[in-house]
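What follows is a set of notes on a single structure, which appears directly below.
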Amino acid sequence: MSLDAPKHIKYFQLCLDMLPSRFEEEDSNKLAIVYFSLLGLLLLRGKQPEDIVSTNREEKIEWIYKHYLPDKSGFRGSLLYDLQLNQAKDNTNSDEYDVPNMAATLFSLQILHMFKDEKTEERLDRNRIMKFVSQCQAEDGSFKSCLGRDGIAFGDSDLRNCMIACTIRRILSNGETSNFQNDINVEKLKDYIMQCLNYNGGLGGSPKEESHAGLTFCGLTSLKLLGAELNPNEWRDTIKWLCHRQIQSQSGDDNNGGFNGRENKDADTCYSFWVIGSLKLLNMEHLIDQERIKQYLITVTQNKFMGGFTKTNEVKISDPLHSSLALCTLSMLGFPGLAQLDLVTMTPIN
Amino acid sequence: MHGVKREQLSKDAKQRKRERDAFKISHYKQLTESVLASKQKNIFNNDTLGETSRLLDLNPEFYTAWNYRRDIITNHVFSELKDSQAAHTFILKELQFVGKQLKSYPKVYWIWNHRKWLIEQDDLFDLKQEMALIDKMLTMDSRNYHVWAYRRYIVGLVQSKMEREEDIILSNMEEFNYTTKLIEENISNYSAWHNRSQLLQKLLNSKTEGFEDKYSFLVKELSFLQNAYYTDPDDSAVWVYLRWLLSPFFLKDLPQDKRNSVLKDQLRDIKELNDSEIEDSGKSNAWCLKSISYVEKMMNQHV
Numbered sequence: 001m002s003l004d005a006p007k008h009i010k011y012f013q014l015c016l017d018m019l020p021s022r023f024e025e026e027d028s029n030k031l032a033i034v035y036f037s038l039l040g041l042l043l044l045r046g047k048q049p050e051d052i053v054s055t056n057r058e059e060k061i062e063w064i065y066k067h068y069l070p071d072k073s074g075f076r077g078s079l080l081y082d083l084q085l086n087q088a089k090d091n092t093n094s095d096e097y098d099v100p101n102m103a104a105t106l107f108s109l110q111i112l113h114m115f116k117d118e119k120t121e122e123r124l125d126r127n128r129i130m131k132f133v134s135q136c137q138a139e140d141g142s143f144k145s146c147l148g149r150d151g152i153a154f155g156d157s158d159l160r161n162c163m164i165a166c167t168i169r170r171i172l173s174n175g176e177t178s179n180f181q182n183d184i185n186v187e188k189l190k191d192y193i194m195q196c197l198n199y200n201g202g203l204g205g206s207p208k209e210e211s212h213a214g215l216t217f218c219g220l221t222s223l224k225l226l227g228a229e230l231n232p233n234e235w236r237d238t239i240k241w242l243c244h245r246q247i248q249s250q251s252g253d254d255n256n257g258g259f260n261g262r263e264n265k266d267a268d269t270c271y272s273f274w275v276i277g278s279l280k281l282l283n284m285e286h287l288i289d290q291e292r293i294k295q296y297l298i299t300v301t302q303n304k305f306m307g308g309f310t311k312t313n314e315v316k317i318s319d320p321l322h323s324s325l326a327l328c329t330l331s332m333l334g335f336p337g338l339a340q341l342d343l344v345t346m347t348p349i350n
Numbered sequence: 001m002h003g004v005k006r007e008q009l010s011k012d013a014k015q016r017k018r019e020r021d022a023f024k025i026s027h028y029k030q031l032t033e034s035v036l037a038s039k040q041k042n043i044f045n046n047d048t049l050g051e052t053s054r055l056l057d058l059n060p061e062f063y064t065a066w067n068y069r070r071d072i073i074t075n076h077v078f079s080e081l082k083d084s085q086a087a088h089t090f091i092l093k094e095l096q097f098v099g100k101q102l103k104s105y106p107k108v109y110w111i112w113n114h115r116k117w118l119i120e121q122d123d124l125f126d127l128k129q130e131m132a133l134i135d136k137m138l139t140m141d142s143r144n145y146h147v148w149a150y151r152r153y154i155v156g157l158v159q160s161k162m163e164r165e166e167d168i169i170l171s172n173m174e175e176f177n178y179t180t181k182l183i184e185e186n187i188s189n190y191s192a193w194h195n196r197s198q199l200l201q202k203l204l205n206s207k208t209e210g211f212e213d214k215y216s217f218l219v220k221e222l223s224f225l226q227n228a229y230y231t232d233p234d235d236s237a238v239w240v241y242l243r244w245l246l247s248p249f250f251l252k253d254l255p256q257d258k259r260n261s262v263l264k265d266q267l268r269d270i271k272e273l274n275d276s277e278i279e280d281s282g283k284s285n286a287w288c289l290k291s292i293s294y295v296e297k298m299m300n301q302h303v
């Protein structure tokens, strides 16, 4: 059972340099690809990843800042949105369609954090970004993905965007207690998250939705970031539901030992992370069968041919999200040779 | 229908997709530039509407194009229409565009956002048509998270416009019966079980016929459930649901004798099922054992 680290390093490097045309649809999510690839590289620790981060470091950091909007409110998902039409105009007046979105803003902050950029303090307007984030908070306490032209939160609202808001807030507050000019409404958000809790212990994406392991992780992380204790005794049903996500089937079945995200679904690499991450937030990761999940990742979804990890046994091609989340899982389980992960900011600990 | 992929493509569709890709590469960049340039100039007309359609067909995640499209519709299309009927006719066409997109990308949030927005603009929206689309999509993937959320959204929207309590109850009843139908088709469909759990709480609160009395409802629901766990004792969905039916949420309102008889009956039935599992396979069924231990705990506990 071994991890082919050199191959994974090559794979992530390839994702950063060039992607096959198959990924064209992801053009508007380019920063996500960069984030997951960089996270994977840094977890692999060896000499090479550090080189990748340090070579042309300034240039790479500048490239990220190109996504920062002129009005300093947040980041766009891709340079595709930058029209360059308003460059001659007053810098404070950004295009009303060229808007920041929550996910891109978080990915940028995480990338800059991983690059250890020293200039964030002076180059980013943290109060302005938090103003954007707080504007994305909807009436019910949840967060939407961006603002409409009228300045009102627009888009899908669920626990993903709630976690994004909390993580942005954590990274911007830089370890200190948050003192933003415009902060989010914490109590309303906590209420919203608790409304997503179902009778089986899992959380749905929004109230009344079916329990889902990825969204459960988002909910728990948000609570943690908002300063909640997460006492395991108060989350017994959740712990139970999470443990039951590990699939026990006949040996020889590729799903065996892997995790699903909902009842009666097949195993998927990323759910090993969402579930074990959730359990770790509750200090209960010892309850699952750790050997069998390692076995699943290493022997079933590790892509020995091209490096990286695939989503399931049936998918033949790796992608950066599943590849880095597989490494995050292995890191949480203490797999040798991997850097440690800071769960709440989703960046490696040096 | 487990593990339905985000993109489910048959061999033919794959080939077609490859051909489309070739077209995409040559046109995508040009189209993007053109759309972004006209939106910068606030051009709202049929040509720009058509251009956003073509761009969104290529990249449905392009949220700027969706935002622009909404503005074209508000500032150009709607301003030229004379009444709700005309708006309705336009929205129908727009819903077809979105419907076609959902067939290829059933899990893209932005397409669902646009559909919701359209429905909210339409004073004359056609519930039957929306429900037909939802039913069809749930036939394609009975676990699609987005479709279930959209179903609850539409039903909620319709109910918010209902004035009579009886109509709301009737609508919840129809939804409840729909979950029965889906579960009978496939007991492993936990999304249906989940929706059922949401609906029955509403029905119990409204004291609808068949739901007035928690005890008789519980007995009926447990017998429905029993069919399911006898069909596939390894199916976790059913056991998770059983545990909920036997939780204090239901049991706390039952008189002591009825509560005891419900638990005793369940214990007997599950033990019997486990015995037959031992006979068939030589070993106990893990879910039976977990449930037996849970029921025994509830029997010793006063709620």
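Residue numbers (the UniProt record's numbering), protein chains in the order written: chain S, 1 to 350; chain G, 1 to 303.
A virtual CB, placed ideally from N, CA and C, is assigned to each residue, including glycine.
Bear in mind the structure is a predicted one, so any value in this text is a computation, not a measurement.
Is any beta-carbon of chain G found at less than 7 Å from that of S/Lys30?
-> Against the first sequence, residue 30 of chain S aligns to sequence position 30. For S/Lys30, the answer is no, since every Cβ of chain G falls outside 7 Å of its Cβ.
Contacting positions in the segment 137 to 153 of chain G - beta carbon closer than 8 Å to chain S | Arg143, Tyr145, Trp148, Ala149, Arg152
Does S/Lys208 come within less than 7 Å of chain G when only Cβ atoms are used?
-> Locating residue 208 of chain S in the first sequence gives position 208, counting from the first residue. Output row for S/Lys208: interface = yes.
Return helix, strand or coil for G/Tyr105, following the three-state DSSP convention.
-> Here the question's residue 105 of chain G lines up with position 105 in the second sequence. G/Tyr105: coil per DSSP, three-state reduction.
Could you run through the segment 183 to 194 of chain G and flag, in chain order, every residue whose CB is less than 7 Å away from some CB of chain S?
-> Ser188, Tyr190, Ser191, His194
Please name the residues in the segment 46 to 71 of chain G whose beta-carbon is closer than 7 Å to at least one beta-carbon of chain S, in chain order.
-> Asn59, Glu61, Phe62, Tyr63, Thr64, Asn67, Tyr68, Asp71
Report the three-state DSSP secondary structure of S/Asp342 (helix, strand or coil).
-> Numbered from 1 along the first sequence, position 342 holds the residue referred to as residue 342 of chain S. The answer is strand: DSSP assigns S/Asp342 an E or B state.
What span of residues does the alpha helix (DSSP H) with S/Pro6 cover, start to end?
-> In the first sequence, counting from the first residue as 1, residue 6 of chain S sits at position 6. 5 to 17 is the span of the alpha helix (DSSP H), which, as asked, contains S/Pro6.
How long is the line joining the alpha carbons of S/Cys218 and G/Leu95, rounded to whole angstroms?
-> Taking the first residue of the first sequence as 1, we reach residue 218 of chain S at position 218. Taking the first residue of the second sequence as 1, we reach residue 95 of chain G at position 95. Taking the straight line from one Cα to the other gives about 32 Å.
Any chain S beta carbon closer than 7 Å to G/Gln198 | For the purposes of this step, residue 198 of chain G is taken as residue 198 along the second sequence, with counting starting at 1. Yes, G/Gln198 counts as interfacial toward chain S.
Does S/Asn200 come within less than 7 Å of chain G when only Cβ atoms are used?
-> As a first step, residue 200 of chain S is located in the first sequence; it is residue number 200 there, counting from the start. It does: the Cβ of S/Asn200 has a partner Cβ on chain G nearer than 7 Å.
In the structure shown, what three-state DSSP assignment does G/Val155 receive?
-> Numbered from 1 along the second sequence, position 155 holds the residue referred to as residue 155 of chain G. Three-state DSSP puts G/Val155 in a helix.
Under a three-way DSSP split, which group does S/Thr238 fall into?
-> Within the first sequence, the letter at position 238 stands for residue 238 of chain S. Correct three-state label for S/Thr238: helix.
Look up residue 361 of chain S in the DSSP assignment and say whether it is helix, strand or coil.
-> Residue 361 of chain S falls outside the range modelled here, since chain S spans only 1 to 350, and no answer is possible.
How big is the Cα-Cα spacing for S/Ser249 and G/Thr52?
-> Your numbering for residue 249 of chain S matches position 249 in the first sequence. Your numbering for residue 52 of chain G matches position 52 in the second sequence. Roughly 48 Å separates the two Cα atoms.
For G/Tyr109, go through chain S and note every residue whose CB falls closer than 7 Å to its CB, in chain order.
-> As a working note, residue 109 of chain G is residue 109 in the second sequence. What G/Tyr109 touches in chain S: Asp156.
Residue 395 of chain S at chain G interface by Cβ criterion, 7 Å = The displayed coordinates of chain S run from 1 to 350. Any statement about residue 395 of chain S would go beyond what the structure contains.
At 4 residues or longer, and completely inside the segment 180 to 224 of chain S: list those alpha helix (DSSP H) runs for me, N to C.
-> 186 to 195
Could you check if S/Met102 is buried or exposed, using at least 16 other CB atoms within 10 Å of its CB as the buried criterion?
-> Looking up residue 102 of chain S in the first sequence gives position 102. Counting Cβ neighbours within 10 Å, S/Met102 comes out buried, since at least 16 surround it.
Cβ neighbours of G/Ile134 in the same chain (closer than 8 Å, five flanking residues each side left out) | Mapped onto the second sequence, residue 134 of chain G falls at position 134. Counting only Cβ-Cβ distances below 8 Å, and skipping sequence neighbours, we find Val147, Tyr150, Arg151, Ile154.
For the candidate residues S/Asp319, S/Cys196, S/Tyr68, whose alpha-carbon lies nearest to that of S/Phe107?
-> As a working note, residue 107 of chain S is residue 107 in the first sequence. Minimum Cα distance to S/Phe107 is reached at S/Tyr68.
Residue-level contact to chain G via CB, S/Asn255, 7 Å cutoff = Walking along the first sequence from the start, residue 255 of chain S turns up at place 255. Not closer than 7 Å to any Cβ of chain G, the Cβ of S/Asn255 fails to qualify, so no.
If you drop the 5 nearest sequence neighbours on each side, which residues of the same chain put their C-beta closer than 7 Å to that of S/Ser331?
-> Taking the first sequence and counting its residues from 1, the one referred to as residue 331 of chain S is at position 331. Around S/Ser331: Leu43, Leu338, Ala339, Gln340, Leu341.
Contact set between G/Ala237 and chain S, taken where Cβ atoms lie within less than 7 Å = Locating residue 237 of chain G in the second sequence gives position 237, counting from the first residue. Under the 7 Å cutoff, chain S gives Glu263, Asn264.
Taking S/Asp156 and G/Asn113 to be in contact with their CB atoms under 8 Å, please state how far apart those CB atoms are, rounded to whole angstroms.
-> In the first sequence, counting from the first residue as 1, residue 156 of chain S sits at position 156. In the second sequence, counting from the first residue as 1, residue 113 of chain G sits at position 113. The Cβ separation is near 6 Å, so the contact holds.
Where G/Phe44 falls: helix, strand or coil (DSSP) | Numbered from 1 along the second sequence, position 44 holds the residue referred to as residue 44 of chain G. Coil.
Any idea which residues DSSP pairs S/Thr347 with across the strands?
-> By one-based count along the first sequence, residue 347 of chain S stands at place 347. DSSP lists S/Asp342 as partners of S/Thr347.
Just the Cα atoms here: how many angstroms apart are G/Asn177 and G/Ala65?
-> Within the second sequence, the letter at position 177 stands for residue 177 of chain G. Within the second sequence, the letter at position 65 stands for residue 65 of chain G. So the two alpha carbons sit approximately 40 Å from each other.
Distance cut-off 6 Å: G/Ala37 Cβ against heavy atoms of the ligand ZN = Questions concerning the ligand ZN fall outside what the structure shown contains, since it holds no ligand whatsoever.
Members of the segment 111 to 129 of chain G near chain S, C-beta cut-off 8 Å = Trp112, Asn113
Could you tell me whether the Cβ of G/Trp244 comes closer than 7 Å to any Cβ of chain S?
-> Counted from its first residue, the second sequence places residue 244 of chain G at position 244. Closer than 7 Å to some Cβ of chain S, the Cβ of G/Trp244 qualifies, so yes.
Quick one: what's got a C-beta closer than 8 Å to S/Lys304's C-beta in the same chain, skipping five residues either side?
-> By 1-based counting over the first sequence, the position of residue 304 of chain S is 304. Within the same chain, S/Lys304 has close Cβ partners Asp4, Lys7.
Give the DSSP-derived three-state secondary structure of S/Lys89 in the structure shown.
-> Taking the first sequence and counting its residues from 1, the one referred to as residue 89 of chain S is at position 89. Model confidence at S/Lys89 stands at a pLDDT of 48, short of 50, so the residue's coordinates are unreliable; what they give is reported in the following sentence. S/Lys89 falls in the coil class under three-state DSSP.
Nearest chain G C-beta to S/Tyr192 closer than 7 Å, yes or no?
-> Locating residue 192 of chain S in the first sequence gives position 192, where the first residue counts as 1. Taking Cβ atoms only, chain G never reaches closer than 7 Å to S/Tyr192, which makes this a no.
Spatial neighbours of S/Asp254 within its chain, please: CB distance less than 7 Å, with the 5 preceding and 5 following residues excluded, ordered by chain position.
-> As a working mapping, residue 254 of chain S is identified with position 254 in the first sequence. These residues qualify, in order along the chain: Val300, Asn313.
Output the boundary residues of the alpha helix (DSSP H) element that contains S/His113.
-> The sequence position of residue 113 of chain S within the first sequence is 113, counting from 1. Here the alpha helix (DSSP H) through S/His113 covers 102 to 114.
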